[in-house]
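**Q** I'd like to ask you about the structure that follows.
2 protein chains.
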Amino acid sequence: MMVDRDTPASSHPAPNGNTASRKRSVLQEEIQQNRPFKSKGQEATLALFRTADILRRKTSEVFSDSGITHQQYNVLRILRGAGDDGLPTLSIADRMIEQTPGITRLIDRLVAKELVIRERVPNDRRRVQCFISESGLELLASLDEPVDGNDDRVMGMLNEDEKTHLVELLDKIRLGLRELEPK
Amino acid sequence: MMVDRDTPASSHPAPNGNTASRKRSVLQEEIQQNRPFKSKGQEATLALFRTADILRRKTSEVFSDSGITHQQYNVLRILRGAGDDGLPTLSIADRMIEQTPGITRLIDRLVAKELVIRERVPNDRRRVQCFISESGLELLASLDEPVDGNDDRVMGMLNEDEKTHLVELLDKIRLGLRELEPK
DNA sequence: CAAAGATACTTGACTAGTCAAATAATAACC
DNA sequence: GGTTATTATTTGACTAGTCAAGTATCTTTG
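Respectively, the protein sequence lines represent chains A and B. Residues in the first sequence are numbered from 17 upward in steps of one, following the working numbering. Residues in the second sequence are numbered from 17 upward in steps of one, following the working numbering.
The following block contains the structure:
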């Protein structure tokens, strides 16, 4: 009834030339799986998802004491960068590292914490301009050092060349995905 | 009032030797930012988050027609791999690519869709053993080809050596993070 | 064997992500 | 100058992630 594909006991040679007897990869150990990956592409995507997840979790520790989340921090950073002019709601979404359709509600929470100020634009009343508040600036200032330190710490196991190469590979993936059937 | 750090107009030389006049990186273009990154470590973490986000979004397209999410798909894969023995709830969580504290409710939804079957273990009534159903197996079977194709397609812009190197770099990050103050 | 501790979940109360539909204001066109 | 289209944002209804606090059910230990 159960097909042997996926089963830990499978001993079929894999398309990528691995066999079940080959030493398991780091990722396979982590997710307790003996079946070899179907392709390097599969291994790469899974490794990317897992690494990003662990890194996000580690990085969140820096913010959690301040009572804000990673996404809320990103909004504050963007608004600090925008300066006194502020930014309209959807322009903030455009600049987020991770796409954020729920930007309105995210900012709602920052307004509730009085870290962000919002106001309708008189010239164009469709738009809502957002600004970082004084206490928002103070909170960010207190986080600058911990955040910078964390970025270097979590990448500390790679030397500068490796970091550069990683960035190049990731850039290449994103550029390649843009071409892929924009649908 | 506004510090010039973070402002798009900043012209300070960056710690990594870049200057504001240097050509913007791919990532900087994407998030519309002129200020150079504070370090390679910062650029690498942001590139990793952004790439994983875009990749997750692209990959979700494969599942959305079937009415399941990426995480639900992962649970089904794990249960198919477990075979007729099934797996207890928390063992599934251990094997997920991304950590999933809400595993109970995730499986609730799969049970509601009749893709998973759950039952208390008689020997140890604390445990709940989970199994994939026949229709779960059928659904997975119909997704095998699209999923495998997607994994290769989204990594198609990298050659085998590049994929291997990417996996190595990501493995190195995760191994390094394990050491980092287990706290 | 009873009390204390450890396991394996489960639930509650949030924050977020996702997609579709609604609103509201401005722009473009005839 | 009154539609029609477009833009900017909001809302609703889910799914999911997060953390803390339960609730059974074993297991261990005095």
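Every residue, glycine too, gets a C-beta built ideally from N, C-alpha and C. This structure is a prediction, so every number in the text was calculated from the model and none was measured.
Quick check on the burial criterion: 16 or more other C-beta atoms within 10 angstroms. Buried or exposed for residue 177(A)?
**A** Its Cβ having fewer than 16 others within 10 Å, residue 177(A) is exposed.
**Q** Do you know whose CA, among 90(B), 126(B), 125(B) and 193(B), lies nearest residue 109(B)'s CA?
**A** Of the listed residues, the one whose Cα sits closest to residue 109(B) is 90(B).
**Q** Can you tell which of 88(A), 145(A) and 136(A) has the C-alpha that lies nearest to the C-alpha of residue 118(A)?
**A** Of 88(A), 145(A) and 136(A), the residue nearest in Cα terms is 88(A).
**Q** Counting only Cβ pairs nearer than 9 Å, list the residues of chain B close to residue 55(A).
**A** Neighbours of residue 55(A) on chain B, chain order: 164, 167, 168, 171 and 179.
**Q** Residue 66(B) and residue 156(B) look like a contact to me (Cβ under 8 Å); what is the Cβ gap, rounded to whole Å?
**A** The pair is not a contact, with the Cβ atoms about 30 Å apart (cut-off 8 Å).
**Q** For the alpha helix (DSSP H) that contains residue 137(A), what are its first and last residues?
**A** Looking at the DSSP string, residue 137(A) is not in any alpha helix (DSSP H), and its letter there is neither H nor E.
**Q** Under 8 Å by Cβ, that's how I've got residue 145(A) and residue 102(A) pegged, so tell me the actual separation to the nearest angstrom.
**A** The pair is a contact, with the Cβ atoms about 5 Å apart (cut-off 8 Å).
**Q** Is any beta-carbon of chain B found at less than 8 Å from that of residue 124(A)?
**A** Chain B contact via Cβ: absent.
**Q** Cβ of residue 63(A) within 8 Å of Cβ of residue 43(A)?
**A** Cβ distance < 8 Å, so residue 63(A) and residue 43(A) count as in contact.
**Q** With distance defined between alpha-carbon atoms, name the residue in 196(B), 169(B), 149(B) and 172(B) nearest to residue 168(A).
**A** The shortest Cα separation from residue 168(A) among 196(B), 169(B), 149(B) and 172(B) belongs to 196(B).
**Q** With distance defined between alpha-carbon atoms, name the residue in 134(B), 172(B), 173(B) and 182(B) nearest to residue 143(B).
**A** Comparing Cα positions, the closest option is 134(B).
**Q** Which complete beta strand (DSSP E) runs does the segment 138-197 of chain B hold, if anything under 3 residues is left out?
**A** Entirely contained in the segment 138-197 of chain B, the beta strand (DSSP E) runs reaching 3 residues are, in chain order, 144-148.
**Q** Any beta-carbon of chain B closer than 8 Å to the one on residue 185(A)?
**A** Yes, its Cβ sits closer than 8 Å to a Cβ of chain B.
**Q** Does any CB atom of chain B fall closer than 8 Å to the CB of residue 132(A)?
**A** Cβ-Cβ to chain B under 8 Å: no for residue 132(A).
**Q** Sort out for me which residues DSSP pairs residue 132(B) with in a bridge.
**A** Bridge partners of residue 132(B): 148(B).
**Q** Hey, residue 111(A) and residue 94(A): beta-carbon distance below 8 Å or not?
**A** Contact flag set, yes.
**Q** Compare the C-beta of residue 68(A) with all C-beta atoms of chain B and state if any pair is closer than 8 Å.
**A** It does; some Cβ of chain B falls within 8 Å.
**Q** How about residue 128(A) and residue 183(B): are their beta carbons less than 8 Å apart?
**A** No, they are not a contact pair.
**Q** Closer than 8 Å, Cβ to any Cβ of chain B: which residues of the segment 107-120 of chain A, in chain order?
**A** For the segment 107-120 of chain A, which is checked against every Cβ of chain B, the residues closer than 8 Å are 110, 111, 112, 113, 114 and 115.
**Q** For the alpha helix (DSSP H) that residue 47(A) lies in, which residues bound it at each end?
**A** First-last for residue 47(A): undefined, no H or E at that position.
**Q** Taking the alpha helix (DSSP H) that residue 65(B) belongs to, which residues open and close that run?
**A** That run of the alpha helix (DSSP H) goes 56-80.
**Q** Report buried or exposed for residue 51(B), applying the criterion of at least 16 other Cβ atoms within 10 angstroms of its Cβ.
**A** Result: buried.
**Q** Taking 8 Å as the threshold (beta carbon to beta carbon), is residue 154(A) in contact with chain B?
**A** It does not: the Cβ of residue 154(A) has no partner Cβ on chain B nearer than 8 Å.
**Q** For residue 46(B), count neighbouring Cβ atoms within 10 angstroms of its own Cβ and tell me buried if that reaches 16, exposed if not.
**A** Residue 46(B) comes out buried.
**Q** Measuring only the C-alpha atoms, how far is residue 188(A) from residue 137(B)?
**A** Spanning the two alpha carbons is a distance of roughly 48 Å.
**Q** Between which two residues does the alpha helix (DSSP H) carrying residue 105(A) extend?
**A** Per DSSP, residue 105(A) belongs to the alpha helix (DSSP H) from 105-111.
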